[in-house]
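Going by our numbering, the sequence shown opens with residue 4, and the numbers climb by one from there.
Glycine included, every Cβ here is placed at the ideal spot set by N, Cα and C.
Input: a single structure, listed below in structure tokens.
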Amino acid sequence: MSTLKNRYLSLDVFRGLDIALMIIVNSPGNWETTFSPLLHAEWHGFTLTDLVFPTFLFVVGNSMSFSMKKYETMGSSAFFKKVLKRFAIIFLLGFLMYWFPFFENGQLKPLAETRIFGVLQRIALCYLFASILLYYVKTKTAIIFSIAALVLYHIILIAFGDLTLTGNAVLKLDLWLIGPSHMYQGEGIAFDPEGLLSTLPAIVNVVAGYVTGKFIQKNGQNFETVAKLMMMGFALVLAGLAWDLLLPINKKLWTSSFVLLTSGIDLFAIAVLVYILDMQKVKRWTYFFEVFGKNPLFIYLLSELFIISLFSIPVEGGSLYGWIAQNVFVATAGGYMGSLLFALWIMFTCWVVGYFMDKKGIYVKV
């Protein structure tokens with residue numbers, strides 16, 4: 004638990020908006036009757052849902068623009084101790100989440116079949132590598148590294164595989180490194196959209212958030228800052244769309260074009276929030292999202308454990324998750340609206356927990 008320091012409102016709200024949307028897209032009442040913007044693109048392409056995860060990495064980098072000031076005053080030993088500890092905790096939480104509820108049919112679930120990489124694990128890895136990079140080099144050098152990483156990743160994807168689900172380089176490395184039983188199985192084959200290789204371009208989303216945070220802090224929350232953020236966002240979106248002609252936008256491969264597109268959209272979004280919240284002071288609507296933004300990691304983990312628990316409770320040949328969705332929401336509001344209302348119920352339940360934590364001044368940090 005800790006108090007909150009050195010924050011600006013637009014960051015908390017941006018993070019909160021992203022967590023709220025993340026919970027909604029992760030918990031539809033029925034995937035077969037889900038509005039298309041709340042589904043990932045099947046392979047190449049882009050939807051609103053595809054923006055959720057890179058935005059979380061962007062706000063991780065944004066937060067680092069505050070925390071790295073403290074790290075810069077530490078010696079290398081203290082810095083590595085702090086960063087490695089945080090990396091290990093987040094990575095372990097992600098691994099344990101996939102192992103949860105630990106027992107199946109009265110026996111301990113085998114570790115040999117537990118997914119190793121995933122959402123929290125990618126956050127941990129990106130945080131670790133971005134922290135080390137930004138601790139040792141100047142911002143300009145970090146930007147040069149980011150450009151080089153995106154170009155290198157493009158070359159690796161083309162040189163060591165193709166851009167299909169079954170033949171890509173991300174899959175090949177994971178199969179060699181950890182084997183199919185430790186990988187995500189939701190694509191019909193063993194393939195992990197948070198695989199190790201595609202973590203390289205994802206680091207750039209964190210760096211983009213960091214550079215943006217530093218820029219806002221240096222230049223202040225004013226019209227010039229907002230205008231420059233929007234121009235840079237526009238330039239990155241255009242660059243991403245242009246790169247799409249050579250390397251398609253693909254969230255599951257985390258292609259270089261995908262990084263530029265999502266970073267550009269995030270720059271637009273943070274610029275709009277800075278204008279509305281920090282400059283115009285239009286704040287009446289923000290508290291709902293601040294609750295999520297102040298305890299993001301805890302509430303995300305809570306939502307996942309809540310969903311997994313509902314799936315783990317058998318009811319009438321299915322799960323409690325499916326029973327509630329079908330009999331309470333779909334039966335009342337129909338397929339598509341019922342599916343969305345169920346997801347909103349999951350999200351609001353998690354918000355209530357976050358609300359009471361905020362009122363008690365409890366903020367979980369790792």
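Mark threonine 202 as exposed unless 16 or more other C-beta atoms lie within 10 angstroms of its C-beta, in which case mark it buried. buried
Here's the rule I'm using: 16 or more other beta-carbon atoms within 10 Å means buried, otherwise exposed. How should serine 80 be labelled? exposed
Output yes or no for whether 8 Å exceeds the beta carbon distance between serine 266 and leucine 232. no
The segment 213 to 222 in contact with the segment 160 to 173 per 3-pair CB rule at 8 Å: no
Could you check the C-alpha separation between leucine 308 and methionine 100 for me, to the nearest Å? 7 Å
Judging by CA-CA distance, which residue of Lys141, Tyr11 and Gly170 is the nearest neighbour of glutamate 1? Outside the displayed range of the chain (4 to 369) lies residue 1, so it cannot be described from this structure.
Taking all protein chains shown into account, do 16 or more other C-beta atoms lie within 10 angstroms of the C-beta of arginine 287, making it buried, or fewer, making it exposed? exposed
Among all the DSSP beta bridges, which residues are the ones paired with leucine 263? Looking at the DSSP assignment, leucine 263 forms no beta bridge with any residue, so it has no partner.
Looking only at its own chain, which residues have a Cβ that is under 6 Å from the Cβ of methionine 282, when we skip the five neighbours before and after it? Gln224
Serine 79 - partner residues in DSSP beta bridges: Answer is none; serine 79 lacks a bridge partner.
Residue range of the unbroken alpha helix (DSSP H) whose run includes phenylalanine 292: 290 to 297
What residues in its chain sit with their C-beta under 6 Å from that of tyrosine 278, if we drop five residues either side in the sequence? Val229
Could you check if leucine 54 is buried or exposed, using at least 16 other CB atoms within 10 Å of its CB as the buried criterion? buried
Nonlocal neighbours in the same chain, by C-beta distance under 7 Å from isoleucine 273, ignoring five residues either side: Ser13, Phe17, Thr215 and Leu232
Out of Tyr213, Glu190, Asp195 and Phe38, state which residue places its alpha-carbon closest to the alpha-carbon of lysine 175. Asp195
Cβ shell of alanine 23 (< 7 Å), same chain only, five flanking positions each side left out: Phe292, Phe295 and Met350
Within the same chain, show all residues whose beta-carbon is closer than 7 Å to that of methionine 4, passing over the 5 residues directly before and after it, in chain order. With a pLDDT of only 40 at methionine 4, under the threshold of 50, the placement of this residue in the model should not be trusted; the figure read from the coordinates follows. Correct list, in chain order: Ile365, Tyr366 and Val367.
Would you be able to state if there are at least three C-beta pairs under 8 Å between the segment 240 to 249 and the segment 79 to 94? no
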